[in-house]
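Q: Going letter by letter, the sequence shown gives residues 109 to 154 in my numbering.
Following this message is one structure expressed as structure tokens.
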Amino acid sequence: MFVGLVHPPAAGEKARGVLQFEHAGRVEVEFEVVAMGAPPPGGRAN
């Protein structure tokens, strides 16, 4: 779940976030926003 978004993510944008783990703490990450139904990065789908 994303909390505190100021605008909807758009395909092609990069979004930063923080994952909060019970034991590992906070981990900062960056996501590449892709359109719904787009193939995954690397072109391989399971």
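Don't be surprised by glycine CBs; every beta carbon is placed ideally from N, CA and C.
The structure displayed is predicted, hence computed values, not measured ones.
(1) In the DSSP output, what is A123 paired with across the bridge?
(2) Nearest-angstrom Cα distance between A132 and M109?
(3) Among L127, A119 and G112, which has the Cα closest to the Cα of E136?
(4) Quick one: what's G133 bridged to in DSSP?
(5) Compare the C-alpha of G112 against each of R134, F139, G125 and A119 and name the closest.
A: According to the data block:
(1) According to DSSP, A123 bridges with F139.
(2) Rounded to whole angstroms, A132 to M109 spans 19 angstroms at the Cα level.
(3) Check the Cα spacing between E136 and each of L127, A119 and G112: the tightest is with L127.
(4) Note: G133 sits in a beta bridge opposite F129.
(5) Considering only R134, F139, G125 and A119, the residue with the shortest C-alpha distance to G112 is G125.
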